[in-house]
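So for the sequence shown, numbering that gives the first Met the number 0 puts the first residue at 0; every next one is plus one.
We put the beta carbon where it would ideally sit given N, CA and C, even for glycine.
These numbers were taken from a predicted model, which means no experiment stands behind them.
Notes to accompany the following structure.
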Amino acid sequence: MSTFGARLRTAMDTYGPLCVGLDPHPQILTDWGLPVSAAGVRRFGEICVDAFAGQVAVVKPQSAFFEEYGSDGIAALEATLAAFRVAGTLTILDVKRGDIGSTMAGYARAYLRDDAPLAADAITVSPYLGFGSLGPALDLAATTGRGLFVLALTSNPEGASVQHARIGGESVAAAMVSGAAAANAGAGENGILGSVGLVVGATVGSAPRDLGIDLAAANAPILAPGFGAQGAGLDEAREVFGAALPNVLAASSREILAAGPQVASLREAARRTLH
């Protein structure tokens, strides 16, 4: 069984380091001429499968925009994930789960178990009950060859007040990076990434340097929101990621989805994002 980090490196080398965010918020559905309903998000998912499966390294469905329609919306998310799985395109389910003990174990089983209806190749997780609270998800992901992306340095204005805070001389963000590095220890060589990644906004500027964080040393894939409509480009990426730039998976949603619903236009928008 290959690890998520190994599969991700192969996908990035094959298709380029792009993660397309699948965010079917009501305005996108309206712009695409789709109903703002579970039927609309199901059709949205079908169009995205046609457009991006076998074309990009990774897609990242945002669970909230499916969940808001109840069980039918969840069924649409299940169908979208299953279709990308059949096509061989990696999925990161953006759920940002974080809890303790048996509850975290339940979340892990929901998304990281092989036979889970909502199984994804990786999920986003929130570590702010302590990095150790992620233990059940770390353990199950390692068993099933899946991955996690740990929120570390997000670009929302309020994030810095928590993530830059220091405890015992170390920032909270640095502690999260250290936790990922420890989880990835011995993951592999020759450019193979660990399976515990980090979420670091492409617009956080000098924050990693200011906090004394060595992102490259974590051997972690870095999911980087902020490209495209949020303004980040190659210059901003170099400033934020430095030597870790080869490990960065650039996430873009709004700018690409604005080209829909035509499949050819969506593919062209994805192609332009990293060029």
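Partner residues in a beta bridge of residue 156, as assigned by DSSP, do not exist. Under the DSSP assignment, residue 141 falls in the alpha helix (DSSP H) whose first and last residues are 134–143. Per DSSP, residue 39 lies in no beta strand (DSSP E) segment; the continuous alpha helix (DSSP H) that holds it begins and ends at 37–51.
Residue 244 is positioned such that its CB atom lies no closer than 9 Å to that of residue 219. 20 is the residue among 6, 13, 76, 20 whose C-alpha sits nearest the C-alpha of residue 249. Apart from the 5 residues on each side of it in sequence, residue 162 sits with its Cβ closer than 6 Å to the Cβ of 152, 171, 172 in its chain, given in chain order.
Residue 269 has its alpha-carbon roughly 31 Å from the corresponding atom of residue 97. One thing to note: residue 122 has its Cβ no nearer than 9 Å to the Cβ of residue 176.
Nearest neighbour of residue 94 by Cα position, chosen from 86, 60, 17, 31, turns out to be 60.
Membership of residue 171 in the alpha helix (DSSP H) is indicated by the continuous run 171–183.
Closest in alpha carbon position to residue 142, among 46, 194, 265, is 194. Taking one beta carbon from each stretch, the segment 66–86 and the segment 99–108 have fewer than 3 pairs nearer than 8 Å; the two do not touch. Residue 83 is positioned such that its CB atom lies closer than 9 Å to that of residue 89.
In terms of Cα proximity to residue 23, the closest of 148, 238, 36 is 36.
Taking the Cα of residue 56 as reference, the smallest distance to any Cα among 74, 13, 260 is reached at 13.
The DSSP-derived three-state label of residue 146 is strand. Sixteen is the threshold: since fewer than 16 other Cβ atoms of the shown chains lie within 10 Å of the Cβ of residue 263, the residue is exposed. Taking C-beta separations shorter than 7 Å and ignoring five residues to either side along the sequence, the partners of residue 29 in its chain run 35, following chain order. The three-state reading of DSSP puts residue 165 in strand, counting E and B together. According to the DSSP assignment, residue 15 belongs to no beta strand (DSSP E), since it is labelled neither H nor E.
Note: residue 61 is bridge-paired with 93 in the DSSP secondary-structure output. Going by beta carbons, residue 27 and residue 51 fall outside the 9 Å limit. A check of alpha carbon separations from residue 208 across 273, 147, 118, 240 identifies 240 as the nearest. For residue 5, the closest of 127, 81, 45, 144 by C-alpha to C-alpha distance is 144. Counting along the chain, the unbroken alpha helix (DSSP H) around residue 107 starts and ends at 100–111. By the neighbour-count definition (other C-beta atoms within 10 Å, threshold 16), residue 79 is a buried residue.
Taking 9 Å as the cut-off, the beta carbon of residue 198 is found closer than this to the beta carbon of residue 224.
Restricting attention to 128, 169, 254, the CA atom closest to the CA of residue 150 is found in 128.
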